[in-house]
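Engineer:
Residue numbers (mature numbering (1 follows the signal peptide of the UniProt record, and there is no 0)): -21 to -1, 1 to 410.
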């Protein structure tokens, strides 16, 4: 009898322990199941730039009251540096983080610090996005997905209609596209603007450099981390020489993007055009109130057609709520919400289903004089063949070449600056 009582007590104790563990412990996926309905969850989401993700996060919470998404927005460089520091330390990373395209390969070397979104359900939505955009978010083997696609940066010719008119150039987008249909025609239009108005054609040496750079099949590094741009006939050298050539022609402004003088120039029309990406539209609408109705958009010459920028949303593997984080991210970047992000902040969709939505195709832009700019960028987006490999040290190497161009613009010798930039890049890669 004693033994029977002893086993009964032990059995009841084990049942109690299991029950308490079920009440107080975590589920196997760390977030109360796929839908996260078994517990209250707070997700920390780090972003950069102008997005509408704060509003969408609140909308998600209304639909999923147990999930609260706290959005923190920082400047682009600050955001990526803080994220890299947290991932390197192994603590302090958010549940969800945006990654900008030019910074992406810097984080791909830390694959073990991220959740593989293929394991969380990403394969089910792969066909909703442009293939080239999706592929860039994966590792080289294609079996690990770092992030779901958000916006992309198809490039177009942004131009001031009033400056074009003063220069005797057409102002209708179709006529502008027909006129500026080659690199030589681009140069000729630039000279005409300079001669008739005294203003530079494009705003900055960076825009001039990226004209060919973004359309190149390769840039600074190969997948082994080796420099491949130091040859005289490399695509980077071609882009460098072109930027110096048109600057010497006097059609490149001496502005630096995002600085106050540049912002003022966008507002006042102190230059005629920019080879900008789709996201520039949203920035202009938010930051250039004096320029409403004065800008237009046209397709670029084929040699300059490319993608510049865009982002992904990743899930660091420190999170205790990987599945709940993924469910939010999948919802955030679905076609319907990409349309909302485009309408509110100009984030150009990477989901082609959006291009066929009536709200997208009939979206007249007051800032662009009532032009429906969305169709221009949609055409450019679908012409992009892919995105080039950039590598972990793309951004610092890019900065070295850009600094060389700025020095040339201020009077330095182009070949000496090129040689010095190559040497500095070689030193960076050796570190």
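The C-beta atom is built at its ideal place from N, Cα and C for all residues, glycine as well. Nothing here was measured: the structure is a model prediction, and the numbers come from that model.
Under 8 Å by Cβ, that's how I've got residue 263 and residue 256 pegged, so tell me the actual separation to the nearest angstrom.
Structural biologist: Rounded, the Cβ-Cβ distance is 12 Å, inconsistent with contact.
Engineer: If I'm right that residue 190 touches residue 218 with Cβ under 8 Å, what's the distance once you round it to whole angstroms?
Structural biologist: 7 Å
Engineer: Would a C-beta distance cut-off of 8 Å place residue 302 and residue 99 closer than the cut-off?
Structural biologist: yes
Engineer: Can you give the Cα-Cα distance for residue 259 and residue 73, rounded to whole angstroms?
Structural biologist: 27 Å
Engineer: In chain order, what residues of the same chain have a beta carbon less than 7 Å from the beta carbon of residue 387, not counting five sequence neighbours either side?
Structural biologist: Contacts found: 223, 393, 396.
Engineer: Please tell me whether, using a cut-off of 7 Å, the distance from the CB of residue 322 to the nearest non-hydrogen atom of the ligand NAP is below it.
Structural biologist: Looking for the ligand NAP in the displayed structure turns up nothing, as the structure carries no ligands at all.
Engineer: Could you check what DSSP says for residue 225 in three-state terms: helix, strand or coil?
Structural biologist: helix
Engineer: Put residue 144 into one of helix, strand or coil per three-state DSSP.
Structural biologist: helix
Engineer: Around the Cβ of residue 324, are there at least 16 other Cβ atoms within 10 angstroms (buried) or fewer (exposed)?
Structural biologist: buried
Engineer: Is residue 295 helix, strand or coil when you go by DSSP?
Structural biologist: strand
Engineer: Enumerate in chain order the residues of its own chain whose CB-to-CB distance from residue 144 is below 6 Å, with the five nearest sequence positions on each side excluded.
Structural biologist: 150
Engineer: Runs of 4 residues minimum, wholly inside the segment 361 to 405: which ones carry the alpha helix (DSSP H) assignment?
Structural biologist: 373 to 388
Engineer: Please classify residue 228: is it buried, with 16 or more other beta-carbons within 10 angstroms of its beta-carbon, or exposed?
Structural biologist: exposed
Engineer: What separation, rounded to the nearest whole angstrom, lies between the Cα atoms of residue 199 and residue 43?
Structural biologist: 45 Å
Engineer: Taking 8 Å as the limit between beta carbons, can you name the residues of its chain near residue 192, skipping five residues before and five after?
Structural biologist: Result list for residue 192: 198, 214, 215, 218, in chain order.
Engineer: If you check the beta carbons only, do residue 314 and residue 304 fall under 8 Å apart?
Structural biologist: no
Engineer: Return the first residue and the last residue of the beta strand (DSSP E) that residue 320 is part of.
Structural biologist: It is not in any beta strand (DSSP E) - residue 320 instead sits in the alpha helix (DSSP H) that spans 314 to 324.
Engineer: Could you check the C-alpha separation between residue 247 and residue 167 for me, to the nearest Å?
Structural biologist: 23 Å
Engineer: So, for residue 340: in the same chain, excluding its five sequence neighbours on each side, which residues have a beta-carbon less than 8 Å away from its beta-carbon?
Structural biologist: 334, 351, 353, 354
Engineer: Straight-line CA distance for residue 81 to residue 373?
Structural biologist: 7 Å
Engineer: Taking the alpha-carbon positions, what's the residue 67 to residue 290 distance?
Structural biologist: 21 Å
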